[in-house]
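Novice: Those protein sequence lines, which keep their order, are chains X and Y. Counted from 1, the first sequence has number 182 at position 182 by the working numbering; the numbering is strictly sequential. Counted from 1, the second sequence has number 1105 at position 105 by the working numbering; the numbering is strictly sequential. Where is the CB? At the ideal position from N, CA and C, for every residue including glycine. Below: one structure in structure tokens.
Protein chains: 2
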Amino acid sequence: MMATSKSEQAYTLLSDRIASGALVPGYRLVLGTIAAELGCSVVPVREAIRKLEAEGLVLFERNVGATVASVDTELYLHTMQTLSVIEGAATALAAPLLTPEDLGRARAINESLRQTLTDFDPRRFTELNNQFHAALYENCPNPHILDLVHRGWARLAAMRTSSFDHVPGRAHHSVAEHDGLLDLLATGAPAEEIERAARQHRTNTLNAYLAAAGQPPSAI
Amino acid sequence: MMATSKSEQAYTLLSDRIASGALVPGYRLVLGTIAAELGCSVVPVREAIRKLEAEGLVLFERNVGATVASVDTELYLHTMQTLSVIEGAATALAAPLLTPEDLGRARAINESLRQTLTDFDPRRFTELNNQFHAALYENCPNPHILDLVHRGWARLAAMRTSSFDHVPGRAHHSVAEHDGLLDLLATGAPAEEIERAARQHRTNTLNAYLAAAGQPPSAI
DNA sequence: ATGTACGAAATCGTATACGATCCATCATGC
DNA sequence: GCATGATGGATCGTATACGATTTCGTACAT
């Protein structure tokens, strides 16, 4: 009858809205309101919020309520740093399993990225950029690492604000670095080298943000 | 009146029991039973289980129920691999903040470890080993990474089985590798080098397990 | 004007209740 | 004997209800 439970529906709904930015950080999540909108009672909504809390997407205060995790520059940058580490590992682990078709798709996506550079649209760039990296690490044989990458992205998406959407010139470098990464993968470079390159690519972006925030570059 | 909510009590209770091994993997968590034991209704227990599910400690199947995440050799090893990556990064990031006192404490713990080698007790060794590593990475400036390390340990503790408690000879190597790591830290080696050493140390343990399971060593 | 006390409204936390679903057991037919 | 289908019990999923707690506005005293 019902394919998914109401608590899962609530979880998906809220999760999507936070990721899409429809629910801005700091927004107050009132149980009754959400329940009314979903056409259910508060119990499933509470469960959904508990899950979101465990993932760090919302803050839950006893007897006060839940709010979308607030934008915290520091946390945002820390999450990026974490992601650079995890995604580097994921890419290295997935590399031996990449088929020529996978690489071809990744190259095609990167060409699309290159085209967006002339008429830059941050949202589209981010979207394609995610697709590019996902293509490289998606068949990582360690599901645990893959899960962490996905969670990391969810957090970043939830916290993304206009102030971080674009660092001038970074997009051009990014596309070029993608080329380098693809070449490494095509030549079957050792795992360690791939990991270093993938992480460095992410760290470069992180450092661009850090520099914009007047902070020293990442130590790793 | 009530310091913590019942759902948090339930969460803590179950979390502790799983970590301590009192609840073995595969154990069926029946809402009503747990609720009765806690002296509360099922609603808070459900919330607690949702949180545990989000952390990967329990499996939750719709209309069927929750079970403690089952022992899965593959998942166990994957979690170790993940931890080697995260903990390496955490150690590298924490290294510049280590005080001589911190290093002294770590050395003392490693000496305790060395002493246990003569009359080997796997449980005590594991406990001290955790203390040693925690001393090195505990003041990692990236709370997100630190959180992942803690969660990784919780998962490993929850899944630990007798079959993985001990790989012959590994403990001796481990203590020696600790010495090497301490020396690196004392001389203020670059972050990259520390990360590699910390990760390699973990990867060696992982590979010992993999070898025992007749599998090839980790690629990273 | 500022701070405090109080009361009302909003919201949370959880017990209870009951329908929905699943699983095990047993009966039935082949 | 084995497959198939019915039945009862166990368990889950969630609506509802109500007490507990916080928050906010208002009145009052300083």
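Tell whether a beta-carbon distance below 7 angstroms holds between residue 114 (chain X) and residue 167 (chain X).
Specialist: As a first step, residue 114 (chain X) must be located in the first sequence, where it is residue number 114. As a first step, residue 167 (chain X) must be located in the first sequence, where it is residue number 167. Result no, Cβ atoms of residue 114 (chain X) and residue 167 (chain X) do not sit closer than 7 angstroms.
Novice: Please classify residue 1193 (chain Y): does DSSP put it in a helix, a strand, or coil?
Specialist: Translated into positions along the second sequence, residue 1193 (chain Y) becomes position 193. If DSSP states are grouped into helix, strand and coil, residue 1193 (chain Y) belongs with the helices.
Novice: Residue range of the beta strand (DSSP E) that residue 1058 (chain Y) falls in?
Specialist: As a first step, residue 1058 (chain Y) is located in the second sequence; it is residue number 58 there, counting from the start. It spans 1058-1061 - the beta strand (DSSP E) in which residue 1058 (chain Y) sits, taken as one unbroken run.
Novice: Per DSSP, which residues does residue 67 (chain X) bridge with? Please list them.
Specialist: Numbered from its first residue, the first sequence carries residue 67 (chain X) at position 67. In the DSSP output, where bridge partners are listed per residue, residue 67 (chain X) has X:28 and X:59.
Novice: What are the uninterrupted segments assigned as alpha helix (DSSP H) that are 4 or more residues long and contained completely in the region 80-152 of chain X, given in chain order?
Specialist: Counting whole runs of 4 or more residues, the region 80-152 of chain X contains the alpha helix (DSSP H) stretches 100-116 and 122-137.
Novice: Give the residues of chain X in contact with residue 945 (chain Y), contact being defined as C-beta atoms less than 7 angstroms apart.
Specialist: The requested residue 945 (chain Y) does not occur in the structure, where chain Y is confined to residues 1001 to 1220.
Novice: Using alpha carbons as the reference points, say which of X:135, X:143 and X:201 lies closest to residue 239 (chain X).
Specialist: A question about residue 239 (chain X) goes unanswered here, because the residues of chain X that appear run from 1 up to 220.
Novice: For the alpha helix (DSSP H) containing residue 1012 (chain Y), list its first residue and its last residue.
Specialist: Looking up residue 1012 (chain Y) in the second sequence gives position 12. Note, residue 1012 (chain Y): alpha helix (DSSP H), 1006-1020.
Novice: Mind listing the chain X neighbours of residue 1046 (chain Y)? Cutoff is C-beta to C-beta under 7 angstroms, in chain order.
Specialist: For the purposes of this step, residue 1046 (chain Y) is taken as the residue at position 46 of the second sequence. The answer, in chain order, is 47.
Novice: Here's the rule I'm using: 16 or more other beta-carbon atoms within 10 Å means buried, otherwise exposed. How should residue 125 (chain X) be labelled?
Specialist: Taking the first sequence and counting its residues from 1, the one referred to as residue 125 (chain X) is at position 125. Buried, because 16 or more other Cβ atoms sit within 10 Å of the Cβ of residue 125 (chain X).
Novice: Can you tell which of Y:1029, Y:1084, Y:1189 and Y:1016 has the C-alpha that lies nearest to the C-alpha of residue 1067 (chain Y)?
Specialist: By one-based count along the second sequence, residue 1067 (chain Y) stands at place 67. The shortest C-alpha separation from residue 1067 (chain Y) is found at Y:1029.
Novice: Expressed to the nearest angstrom, what Euclidean distance is found between the alpha-carbon atoms of residue 1034 (chain Y) and residue 195 (chain X)?
Specialist: Position 34 of the second sequence, counting from 1, holds the residue named residue 1034 (chain Y). Position 195 of the first sequence, counting from 1, holds the residue named residue 195 (chain X). Distance between the alpha carbons of residue 1034 (chain Y) and residue 195 (chain X): 45 angstroms.
Novice: Would you check if the distance between the CB atom of residue 1145 (chain Y) and the CB atom of residue 1090 (chain Y) is smaller than 7 angstroms?
Specialist: Position 145 of the second sequence, counted from the start, is the residue given in the question as residue 1145 (chain Y). Position 90 of the second sequence, counted from the start, is the residue given in the question as residue 1090 (chain Y). Their beta carbons are under 7 angstroms apart, which means residue 1145 (chain Y) touches residue 1090 (chain Y) by this criterion.
Novice: Does any CB atom of chain Y fall closer than 7 angstroms to the CB of residue 85 (chain X)?
Specialist: Here residue 85 (chain X) refers to the residue found at position 85 when the first sequence is read from its first residue. At least one chain Y Cβ lies under 7 angstroms of residue 85 (chain X).
Novice: For the region 44-56 of chain X and the region 1050-1062 of chain Y, state whether three or more C-beta atom pairs, one from each stretch, are separated by less than 8 angstroms.
Specialist: Flag = yes, the region 44-56 of chain X and the region 1050-1062 of chain Y touch.
Novice: Which value, in whole angstroms, describes the spacing of the CA atoms of residue 1095 (chain Y) and residue 171 (chain X)?
Specialist: Position 95 of the second sequence, counting from 1, holds the residue named residue 1095 (chain Y). Position 171 of the first sequence, counting from 1, holds the residue named residue 171 (chain X). Distance between the alpha carbons of residue 1095 (chain Y) and residue 171 (chain X): 32 angstroms.
Novice: Note down the Cα distance separating residue 1117 (chain Y) from residue 1104 (chain Y), rounded to an integer number of angstroms.
Specialist: Position 117 of the second sequence, counted from the first residue, corresponds to residue 1117 (chain Y). Position 104 of the second sequence, counted from the first residue, corresponds to residue 1104 (chain Y). Rounded to the nearest angstrom, the two C-alpha atoms are 20 angstroms apart.
Novice: Confirm, please, whether the CB-CB distance from residue 1142 (chain Y) to residue 1181 (chain Y) is below 7 angstroms.
Specialist: Reading the second sequence from its first residue, position 181 is the one you call residue 1181 (chain Y). Reading the second sequence from its first residue, position 142 is the one you call residue 1142 (chain Y). Cβ distance not < 7 angstroms, so residue 1181 (chain Y) and residue 1142 (chain Y) don't count as in contact.
Novice: Check whether the Cβ atoms of residue 239 (chain X) and residue 31 (chain X) sit closer than 7 angstroms, and answer yes or no.
Specialist: Here chain X comprises residues numbered 1 to 220, so residue 239 (chain X) is not present and cannot be evaluated.
Novice: How big is the Cα-Cα spacing for residue 72 (chain X) and residue 1157 (chain Y)?
Specialist: Taking the first residue of the first sequence as position 1, residue 72 (chain X) is located at position 72. Taking the first residue of the second sequence as position 1, residue 1157 (chain Y) is located at position 157. One C-alpha to the other measures close to 32 angstroms.
Novice: Report the three-state DSSP secondary structure of residue 1200 (chain Y) (helix, strand or coil).
Specialist: Mapped onto the second sequence, residue 1200 (chain Y) falls at position 200. Helix.
Novice: Quick one: what does DSSP say residue 1220 (chain Y) is sitting in, helix, strand or coil?
Specialist: For the purposes of this step, residue 1220 (chain Y) is taken as residue 220 along the second sequence, with counting starting at 1. Residue 1220 (chain Y): coil per DSSP, three-state reduction.
Novice: Answer yes or no: does any C-beta atom of chain X fall closer than 7 angstroms to that of residue 1207 (chain Y)?
Specialist: Taking the second sequence and counting its residues from 1, the one referred to as residue 1207 (chain Y) is at position 207. Chain X, which has no Cβ nearer than 7 angstroms to the Cβ of residue 1207 (chain Y), makes this no.
Novice: What number of angstroms, rounded off, separates the C-alpha of residue 98 (chain X) from the C-alpha of residue 187 (chain X)?
Specialist: On the first sequence, residue 98 (chain X) is found 98 positions in, with the first residue counted as 1. On the first sequence, residue 187 (chain X) is found 187 positions in, with the first residue counted as 1. Roughly 12 angstroms separates the two Cα atoms.
Novice: Kindly indicate which residue of X:58, X:15 and X:6 has the alpha-carbon position closest to the one of residue 36 (chain X).
Specialist: Counting from 1 along the first sequence, the entry for residue 36 (chain X) is found at position 36. Answer by Cα proximity: X:6.
Novice: Can you pull the chain Y neighbours of residue 81 (chain X), defined as C-beta to C-beta under 9 angstroms?
Specialist: As a first step, residue 81 (chain X) is located in the first sequence; it is residue number 81 there, counting from the start. By Cβ distance, chain Y contributes 1089, 1093, 1142, 1144 and 1145.
Novice: Under three-state DSSP, which class holds residue 1043 (chain Y)?
Specialist: As a working note, residue 1043 (chain Y) is residue 43 in the second sequence. Three-state result, residue 1043 (chain Y): helix.
Novice: Excluding five sequence neighbours on each side, which residues of the same chain lie with their C-beta closer than 7 angstroms to the C-beta of residue 107 (chain X)?
Specialist: Residue mapping note: residue 107 (chain X) aligns to position 107 of the first sequence, counting from 1. These residues qualify, in order along the chain: 182.
Novice: Can you find a C-beta in chain X that's less than 7 angstroms from the C-beta of residue 1109 (chain Y)?
Specialist: Walking along the second sequence from the start, residue 1109 (chain Y) turns up at place 109. Chain X, which has no Cβ nearer than 7 angstroms to the Cβ of residue 1109 (chain Y), makes this no.
Novice: Who are the Cβ neighbours of residue 27 (chain X) in its own chain at under 7 angstroms, not counting the five residues just before and after it?
Specialist: Along the first sequence, one-based indexing puts residue 27 (chain X) at 27. Counting only Cβ-Cβ distances below 7 angstroms, and skipping sequence neighbours, we find 67 and 68.
Novice: How long is the line joining the alpha carbons of residue 1039 (chain Y) and residue 1079 (chain Y), rounded to whole angstroms?
Specialist: Here the question's residue 1039 (chain Y) lines up with position 39 in the second sequence. Here the question's residue 1079 (chain Y) lines up with position 79 in the second sequence. Cα to Cα, residue 1039 (chain Y) sits roughly 35 angstroms from residue 1079 (chain Y).
Novice: For residue 216 (chain X), which residues in chain Y fall below 8 angstroms Cβ to Cβ?
Specialist: Translated into positions along the first sequence, residue 216 (chain X) becomes position 216. Under the 8 angstroms cutoff, chain Y gives no residues; its nearest Cβ is about 11 angstroms from residue 216 (chain X).
Novice: I'd like to know whether the C-beta atoms of residue 1218 (chain Y) and residue 1207 (chain Y) end up nearer to each other than 7 angstroms.
Specialist: For the purposes of this step, residue 1218 (chain Y) is taken as residue 218 along the second sequence, with counting starting at 1. For the purposes of this step, residue 1207 (chain Y) is taken as residue 207 along the second sequence, with counting starting at 1. Yes.
Novice: Along chain X, which residues have their Cβ under 9 angstroms away from the Cβ of residue 1075 (chain Y)?
Specialist: Taking the second sequence and counting its residues from 1, the one referred to as residue 1075 (chain Y) is at position 75. Ordered by position in chain X, the residues that pass the 9 angstroms Cβ test against residue 1075 (chain Y) are 143 and 144.
Novice: Taking 7 angstroms as the CB-CB limit, is residue 5 (chain X) close to chain Y?
Specialist: By 1-based counting over the first sequence, the position of residue 5 (chain X) is 5. Yes, residue 5 (chain X) counts as interfacial toward chain Y.
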